[in-house]
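Accompanying notes for the structure given below.
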Amino acid sequence: MTARESWDAVAIGSGLGSLSAAAALARRGRRVLVLERLANFGGAATVYRHGPLAMEASLHEIDGATVDGPHGVFSRLGLREAVHAVPTAEFYEARGGALAEPVRVPQGLEAAGAAVAAAHPEARAHVEGHFAELGRLFRTFRDLEDMGARGPQALLGLLFSGRFFELIGDARKSLAQALDARFKNSEPAKFSLGAVLPYFDDDPAVMSFLLYAGVWARYCEAGSYYIDGGSSALVRALLATVKSAGGDARRKCEVKRVLLAETGAVAGVAYIDERGAEREAFAPTVLGGAAPSDLAAMLPAEKRKEFKSDYKAFESSISLFSLSLGLTRPAAEFGVGAYSTFVYPDDMSVYADYPTFASVFAGDPAGRMPPYGIADYGRLSGGLAQPEGLHLVSLAGADRLSWWDGLSEDAEKDRRARWRDALIADLDRRFPGMAGAVSHAEIATARTMQTRLGSPHGEVHGFRPTPERVFSKGPKPETSVPGLFLSSAFTVSGGYAGAMHGGLTAADAAPGGVRKQVSHPRADRPRRRRASGTPRALLRAPRRGERFQASRRV
Numbered sequence: 002m003t004a005r006e007s008w009d010a011v012a013i014g015s016g017l018g019s020l021s022a023a024a025a026l027a028r029r030g031r032r033v034l035v036l037e038r039l040a041n042f043g044g045a046a047t048v049y050r051h052g053p054l055a056m057e058a059s060l061h062e063i064d065g066a067t068v069d070g071p072h073g074v075f076s077r078l079g080l081r082e083a084v085h086a087v088p089t090a091e092f093y094e095a096r097g098g099a100l101a102e103p104v105r106v107p108q109g110l111e112a113a114g115a116a117v118a119a120a121h122p123e124a125r126a127h128v129e130g131h132f133a134e135l136g137r138l139f140r141t142f143r144d145l146e147d148m149g150a151r152g153p154q155a156l157l158g159l160l161f162s163g164r165f166f167e168l169i170g171d172a173r174k175s176l177a178q179a180l181d182a183r184f185k186n187s188e189p190a191k192f193s194l195g196a197v198l199p200y201f202d203d204d205p206a207v208m209s210f211l212l213y214a215g216v217w218a219r220y221c222e223a224g225s226y227y228i229d230g231g232s233s234a235l236v237r238a239l240l241a242t243v244k245s246a247g248g249d250a251r252r253k254c255e256v257k258r259v260l261l262a263e264t265g266a267v268a269g270v271a272y273i274d275e276r277g278a279e280r281e282a283f284a285p286t287v288l289g290g291a292a293p294s295d296l297a298a299m300l301p302a303e304k305r306k307e308f309k310s311d312y313k314a315f316e317s318s319i320s321l322f323s324l325s326l327g328l329t330r331p332a333a334e335f336g337v338g339a340y341s342t343f344v345y346p347d348d349m350s351v352y353a354d355y356p357t358f359a360s361v362f363a364g365d366p367a368g369r370m371p372p373y374g375i376a377d378y379g380r381l382s383g384g385l386a387q388p389e390g391l392h393l394v395s396l397a398g399a400d401r402l403s404w405w406d407g408l409s410e411d412a413e414k415d416r417r418a419r420w421r422d423a424l425i426a427d428l429d430r431r432f433p434g435m436a437g438a439v440s441h442a443e444i445a446t447a448r449t450m451q452t453r454l455g456s457p458h459g460e461v462h463g464f465r466p467t468p469e470r471v472f473s474k475g476p477k478p479e480t481s482v483p484g485l486f487l488s489s490a491f492t493v494s495g496g497y498a499g500a501m502h503g504g505l506t507a508a509d510a511a512p513g514g515v516r517k518q519v520s521h522p523r524a525d526r527p528r529r530r531r532a533s534g535t536p537r538a539l540l541r542a543p544r545r546g547e548r549f550q551a552s553r554r555v
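All residue numbers for the sequence shown refer to my numbering, where the first residue is 2 and numbers rise by one.
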């Protein structure tokens, strides 16, 4: 006999999007059940071990506006006191490619603008204009974030300042279009300012300038941080919030079907628990942390086409490769000068050629390297503890699952090993002596990301961040099925802050959402568990004779 239970909401998956949505509802007194198919909670927000080395599955850093903003994600989720954020000092360093010398970008827009202008005196006027625009973008995004507390006042401020119309204009540009318009005759300036692209996409002609510049400005002006204890500390804090309101989180539980009432609205989910038993969890709200294509497969067959039609215009984002290294000496001893360093191939002289060089990872190493980023975790005074004498360094760059298609398991393993060795050799060439200090090395690819995240193509940022996806036609948390909400990077954007904000938008959109409560002096008091307008019948298991639509997942 199938076991049945009732909740206020059910979250499919325990990625940061779903956990943020669940925690936001829990802070309003909702009992939320989180169901995770893997043995560990957190999705990409996972710390794991390779021998003695503790490694991050994905977390590099998070912006200060998310961490410290009075109306930011951490504030709204009660995380500012629950976790400790470690500052990373400088923003980043860019080197290689068209850059004759490494360019250091400090934190603070004014200081960063001065440093970039000094590095590219031939483009000083253009650099100053670019940073003035970044400053306006930062204030605009801050005002939009404040709208939950200040309401129409923020929007009026945007309209009267003219920044709203500038935002509209920026929204239609790609990163390549914006940089070409500003720096036509200065490729080095493009290399300096476009260095963080591998954490978004692999083509500046496709990447949304609005998203790139907005996130860039937030990291630069508000600072960047790493979570003390790693991303697992963030996951634990969110889970604690869920459980404090009477919710629960269960691992090794795979959701098979989304249950619908006869009205067509969500009624809950059917899942297989860790013992292999079938269970049904009934709730009027389901938070979908899985990819939309996977959620569609959980719906009754007659509902899938309409559900998927809302997302057919969107392309999947890139995946990432990552190489984690355990060094016996600090990376700084070999010349790594910043927590974040972005490396261009030496033979890359035109920024528009980025996708050509990124795609070399689609084949075997043959003397050419892709662009990649370096995170020197050992530089942080706190963060991710390692055994004494070991220092963690991580490399990451763009990857795609299709680049591994057609390879046997042995061939794929062999190519991964060759790329591991090639990347270490490239590091040693740039930072002499580093290869001799490597005691542990593990490489992950898009295939790894697909397995770990369950995303169809190993995508790590949801949908590809094109200008149309970000501004004009971006998917909403609401879906064609009433009560089913996207709560992941597939709504807002990728990255930790993007996924968490995606979860908050889902919580805001759910019945009795939290957004309208932000500025209320009693906002943190528990709410009644039944949202106004939600039929009581959906908050309980069905009585004998009631029917729910369901289909097996394919």
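Beta carbons are placed, not taken as given, at the ideal position from N, Cα and C, and that holds for glycine.
In this text the structure is predicted, and so the values were computed from the model without any measurement.
Out of L110, D204, F132, A22, the CA that lies nearest to the CA of P372 is found in D204.
Secondary structure within the segment 10–47: the alpha helix (DSSP H) runs of 4 or more consecutive residues, fully enclosed, are 17–27 (chain order).
E263 sits in coil when the DSSP states are folded into three classes, being neither helix nor strand. Nearest in C-alpha terms to V74, of all of P331, L235, S325, V259, is L235. Beta-bridge pairing by DSSP links V256 to Y272.
With a beta-carbon spacing of about 6 Å, F308 and T480 fall inside the 8 Å limit used to define contacts. The alpha-carbon of A438 is positioned some 14 Å away from that of E389. If you compare the alpha carbons of V33, S7, R38, G43 with that of M501, the shortest gap goes to G43. The beta-carbon separation of S225 and E37, rounded to 28 Å, does not stay under the 8 Å limit for a contact. No Cβ-Cβ contact shorter than 8 Å links F358 with P366.
Under a 10 Å Cβ-count criterion, D411 is classified as exposed, with fewer than 16 other Cβ atoms of the shown protein chains found around its own Cβ.
The Cβ atoms of L288 and A507 sit closer than 8 Å to each other.
Around the C-beta of G484, 16 or more other C-beta atoms lie within 10 Å, and the residue is accordingly described as buried. If you look at F432, you'll find it isn't in any beta strand (DSSP E); DSSP assigns it neither H nor E.
Counting C-beta pairs closer than 8 Å gives three or more between the segment 283–297 and the segment 7–26, which meets the contact rule. With a cutoff of 8 Å on beta-carbon distance, A250 and L261 are scored as not near each other.
In the DSSP secondary-structure assignment, L487 is bridged to G289. Here the segment 130–138 makes contact with the segment 105–116; the two share three or more CB pairs at distances below 8 Å.
A490 places its beta carbon 8 Å or farther from that of S320.
Less than 8 Å separates the beta-carbon of D377 from that of V337. If you look at R96, you'll find it in the beta strand (DSSP E) that goes 93–97. In the three-state reduction of the DSSP assignment, R140 falls in the helix class. Within the DSSP secondary-structure output, R280 pairs in a beta bridge with A4, Y272. Between G97 and V394, the gap from beta carbon to beta carbon reaches 8 Å or more. Close CB contacts of A58 within its chain, under the 6 Å cut and outside five residues either way in sequence, are with A45, T47 (chain order). At a Cβ-Cβ threshold of 8 Å, P189 and A126 do not count as neighbours. Using a 10 angstroms sphere on the CB of E263, the tally of other CB atoms stays under 16, which defines it as exposed. The three-state secondary structure of A206, taken from DSSP, is coil. S15 and E316 have their alpha carbons spaced roughly 23 Å apart. Here DSSP, grouped into helix, strand and coil, assigns Y226 to strand. For V104, the uninterrupted beta strand (DSSP E) segment begins and ends at 104–106. Taking 8 Å as the cut-off, the Cβ atoms of H131 and L194 count as close. For E443 and E303, the gap between their C-alpha atoms comes out near 44 Å. C-alpha of H121 to C-alpha of G434: approximately 30 Å in a straight line. Counting the other CB atoms within 10 Å of its CB gives A218 a total of 16 or more, which places it among the buried residues.
Here A25 really is in contact with L78; their C-beta atoms are around 6 Å apart, less than 8 Å.
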